[in-house]
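Okay, structure first, notes after.
There are 2 protein chains.
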Amino acid sequence: MKKYAIAIHGGAGTITRSGLTPELEAAYKSALSEAIEIGDKILAEGGNALDAITESVRLMENNELFNAGKGSVFNHEGKHEMDAAIMDGKTLMAGAVSGIRNLKHPVLLAKAIMEKSAHVLLANSGAADFAKDMGLEFAPDEYFFVQHRYDQLLVAREEGQIVLDHTTPGDEKKFGTVGAVALDVHGNIAAATSTGGMTNKRWGRVGDSPIIGAGTYANNATCAISCTGHGEYFIRSVVAYDVSCLMEYKGLSLKEACDIVVMKKLVKLGGEGGLIAIDAAGNIEMPFNSEGMYRAMKRSGEDLFIGIYKD
Amino acid sequence: MKKYAIAIHGGAGTITRSGLTPELEAAYKSALSEAIEIGDKILAEGGNALDAITESVRLMENNELFNAGKGSVFNHEGKHEMDAAIMDGKTLMAGAVSGIRNLKHPVLLAKAIMEKSAHVLLANSGAADFAKDMGLEFAPDEYFFVQHRYDQLLVAREEGQIVLDHTTPGDEKKFGTVGAVALDVHGNIAAATSTGGMTNKRWGRVGDSPIIGAGTYANNATCAISCTGHGEYFIRSVVAYDVSCLMEYKGLSLKEACDIVVMKKLVKLGGEGGLIAIDAAGNIEMPFNSEGMYRAMKRSGEDLFIGIYKD
């Protein structure tokens, strides 16, 4: 039996035991478990890594707990502008979208851009036109209305801040993003990321999630990566491809490369966050330099692991 | 006297001697000469690499010959959507814009985003709002109307093609972009890129130019890079950062790294185009795997070099 494996994340940040109620903690664990199980099932049945990560991300895009799809944060104008990306480690094909509105599943659009267009990155209303051509499902603003997200906007507006996911008084700072990486039984790896970006974001700000090489990257020869964190630092550090290059050009292991990029280089620059990474041997790393990261992993023949805090 | 140096490009593609009239060739050479001289003058007077490349790119954005600023190609809707990026090799700070309309100098917006916002990448109308806040100069559609660009759109529309810069019957294929890299007497390097993208482009397509790590990258420790070519391949290959990583992690020279990325890896993937690169020692490389690339370089104490064709 060939090995397969999958890992997912639901964002990183100042996530502490004291900051989460037992009910909320249980809800996150249940959501992570549900999301990884759908991907794991696809892999167990011999499905592709691309399909597994797409379904895992799609499920998280349905869940209000995560800053992606339905649970996306509000921007400055009280709208939702979402970004997503996907990359196939076998072919180095990639698809990404930025600033898409009212689309239920940005990850499906990223996949369609990769598979059905000659392009890698489509943006804003143009990307919406392409999504309509592809027959993807849109939803009205009400679908994306989540009360606690709206409260975050009101607070952020009042404080004149652009905040990452949410910072309400007494609440934790979080970098809301979801992502998945997987290895399938055919030996191929892939990565996907989806996000609503920053609460109260203005000026069409785009983070690292839809930037191939920064927030998302996959190459069978090295690794598949999905990042979550303060996007600007992840873009400037070309985080995902940096891990890949440390493996390819310096011969480092996945673990060594992840440690250098997340725990040393990003920390030095001041970039808070983390990533999930997988290689073609099925190794998985989920490093983060913040207080916590919603994460889960499952390897063929092994137990499901779910983590939130540092330890 | 400390060394300084600058290199610029005005796009790559199927540019052949038989395809250019003597008059057009002279016009390109004159434009390249003018653009590099303004940057060279800033460097000679002890100015910063960032200011030198900004001015060189700004001048090319004024020139109808180049697919950037005024000379930007028309998109599918008969509008101009421009992308630009800049990066500072000293601080690893970066700024970029995608899908900006009616702005005379996208490179100035990229620089303002780097210096005056907390963000790296702003897009579309949101980016325009920020540009207005910064007091940058806008121009009506008429300013951007260039007859031969419009003719290219009509042909492309008729043929149902999305074309890179221009392909008119009997005309050459070109990847229209402008860019500059420089080393200043303070030992700092920087890179900037600006483009109008692809003629007849739809769906808010974004190429590699505004993607830090793909079309633009700078790091004093390795190199400063500005790319021009078939953007989708440059994004998937994370071209600019790949050159940097080959230097940093494999110890290759600028020339060796450029050769591997442009002449081997990109060629293998089918990615046509080239780049200009500089390192902190003042070495300059301008490799391209297409028929030609509009390019120029000038090092302190050396003669100006201007090139168009392969040899």
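From first to last, the protein sequence lines are chains A and B. Position 265, counted from 1, in the first sequence is what my numbering calls 265; the numbers after and before it change by one each time, with no gaps. Position in the second sequence (first residue = 1) + 1000 = my numbering. Just so you know, even glycine gets a beta-carbon here, dropped at the ideal spot from N, CA and C.
Listed in chain order, which residues of the region 1097 to 1131 of chain B have Cβ atoms closer than 8 Å to some Cβ of chain A?
Hits within the stretch, in order: 1098, 1099, 1117, 1118, 1119, 1120, 1121, 1122, 1123, 1124, 1125, 1126, 1127, 1129 and 1130.
Whose C-beta lies closer than 7 Å to the C-beta of residue 2 of chain A among residues of the same chain, with five residues either side of it excluded?
The answer, listed in chain order, is 185.
Which whole-angstrom value describes the C-beta separation of residue 71 of chain A and residue 155 of chain A, a residue pair presumed to lie in contact below a C-beta threshold of 8 Å?
Not really, about 17 Å apart at Cβ, beyond 8 Å.
Establish whether the CB of residue 1204 of chain B and some CB of chain A are separated by less than 8 Å.
Interface residue, yes.
Under the three-state reduction of DSSP, which class applies to residue 1311 of chain B: helix, strand or coil?
Residue state, collapsed to three classes: coil.
By alpha-carbon positions, which one of B/1137, B/1263 and B/1295 ends up nearest to residue 1272 of chain B?
Checked all of B/1137, B/1263 and B/1295; the closest Cα to residue 1272 of chain B is B/1263.
Under 8 Å Cβ-Cβ, which residues of chain A neighbour residue 1238 of chain B?
Chain A residues near residue 1238 of chain B: 212, 213, 217, 238 and 241.
By the three-class DSSP mapping on this structure, what secondary structure does residue 1126 of chain B have?
In the structure shown, residue 1126 of chain B sits in a helix (DSSP, three-state: H, G or I).
Could you name the residues of chain B that residue 227 of chain A contacts, counting a contact when the two beta carbons are closer than 7 Å?
By Cβ distance, chain B contributes nothing, its closest Cβ being about 13 Å from residue 227 of chain A, past 7 Å.
Using a beta-carbon distance cut-off of less than 8 Å, what residues from the region 259 to 283 of chain A approach chain B?
Under the 8 Å Cβ criterion, the region 259 to 283 of chain A contributes 269.
Evaluate contact between the region 191 to 204 of chain A and the region 216 to 232 of chain A, counting only Cβ atoms and requiring at least three cross-stretch pairs below 8 Å.
With the cut-off at 8 Å, the region 191 to 204 of chain A and the region 216 to 232 of chain A touch.
Alpha carbon to alpha carbon, how far is residue 235 of chain A from residue 1115 of chain B? Give it in angstroms, no decimals.
If you take the alpha carbons of residue 1115 of chain B and residue 235 of chain A, they lie about 16 Å apart.
Could I get the ranges of all uninterrupted beta strand (DSSP E) runs contained in the region 177 to 224 of chain A, with 3 residues as the minimum, in chain order?
Whole beta strand (DSSP E) segments, 3+ residues: 178 to 183, 189 to 195 and 216 to 218.
Could you give the first and the last residue of the continuous alpha helix (DSSP H) run that contains residue 314 of chain A?
Since the first residue shown for chain A is 1 and the last is 311, residue 314 of chain A is missing from the structure and cannot be characterised.
Please classify residue 1230 of chain B: is it buried, with 16 or more other beta-carbons within 10 angstroms of its beta-carbon, or exposed?
Buried is the call here.
Jot down the residue ranges of each uninterrupted beta strand (DSSP E) in the region 1251 to 1300 of chain B, minimum 3 residues, whole runs only, in chain order.
1273 to 1278 and 1292 to 1299, all fully within the region 1251 to 1300 of chain B.
Express the C-alpha separation of residue 265 of chain A and residue 119 of chain A in angstroms, rounding to a whole number.
About 31 Å.
Helix, strand or coil for residue 1306 of chain B, going by three-state DSSP, please let me know.
DSSP places residue 1306 of chain B in strand when its eight states are reduced to three.
Return the chain-ordered list of same chain residues with a C-beta closer than 8 Å to the C-beta of residue 308 of chain A, the five sequence neighbours on each side being excluded.
Around residue 308 of chain A: 15, 20, 25, 28, 29, 292, 293, 294 and 295.
Who are the neighbours of residue 1232 of chain B on chain A, taking C-beta pairs under 9 Å?
Those are 94, 118, 119, 120 and 121, listed as they occur along chain A.
How many angstroms separate the CA atom of residue 182 of chain A from the CA atom of residue 1126 of chain B?
Cα to Cα, the separation comes out at about 35 Å.
Within the same chain, show all residues whose beta-carbon is closer than 7 Å to that of residue 1237 of chain B, passing over the 5 residues directly before and after it, in chain order.
Once the five neighbours on either side are set aside, the close Cβ partners of residue 1237 of chain B are 1265, 1266, 1269 and 1271.
Report the option in B/1205, B/1226 and B/1249 whose CA atom is closest to the CA atom of residue 1278 of chain B.
Checked all of B/1205, B/1226 and B/1249; the closest Cα to residue 1278 of chain B is B/1226.
Check whether the Cβ atoms of residue 992 of chain B and residue 1085 of chain B sit closer than 8 Å, and answer yes or no.
This structure cannot speak to residue 992 of chain B, because chain B is shown only from 1001 to 1311.
Classify residue 1074 of chain B: buried if its beta carbon has 16 or more other beta carbons within 10 angstroms, exposed otherwise.
Classification of residue 1074 of chain B: buried, given that the 10 Å Cβ count is 16 or more.
Spatial neighbours of residue 108 of chain A within its chain, please: CB distance less than 6 Å, with the 5 preceding and 5 following residues excluded, ordered by chain position.
So the qualifying residues of the chain are 136.
When the Cα atoms are used, what is the spatial distance from residue 140 of chain A to residue 121 of chain A?
Approximately 24 Å, taken between the alpha carbons.
Quick one: which chain A residues come within Cβ less than 8 Å of residue 1143 of chain B?
Near residue 1143 of chain B there are no residues of chain A at all, since even the closest Cβ is about 22 Å away, more than 8 Å.
From the beta carbon of residue 1294 of chain B, is the nearest beta carbon of chain A less than 8 Å away?
Judged by the 8 Å Cβ criterion, residue 1294 of chain B is not in contact with chain A.
At the 8 Å Cβ level, is residue 245 of chain A part of the contact set with chain B, yes or no?
Yes, residue 245 of chain A counts as interfacial toward chain B.
Put residue 21 of chain A into one of helix, strand or coil per three-state DSSP.
Residue state, collapsed to three classes: coil.
Give me the DSSP bridge partner(s) of residue 1135 of chain B.
According to DSSP, residue 1135 of chain B bridges with nothing at all.
Can you give the Cα-Cα distance for residue 1113 of chain B and residue 304 of chain A, rounded to whole angstroms?
Going from the Cα of residue 1113 of chain B to the Cα of residue 304 of chain A covers about 43 Å.
Which residue wins for smallest C-alpha separation from residue 31 of chain A, given the options A/60, A/199 and A/151?
Out of A/60, A/199 and A/151, A/60 has the C-alpha closest to the C-alpha of residue 31 of chain A.
Below 8 Å on C-beta distance, what does residue 250 of chain A contact in chain B?
The answer, in chain order, is 1249 and 1250.
Could you give the first and the last residue of the continuous beta strand (DSSP E) run that contains residue 117 of chain A?
Residue 117 of chain A -> no beta strand (DSSP E), and no H or E assigned at all.
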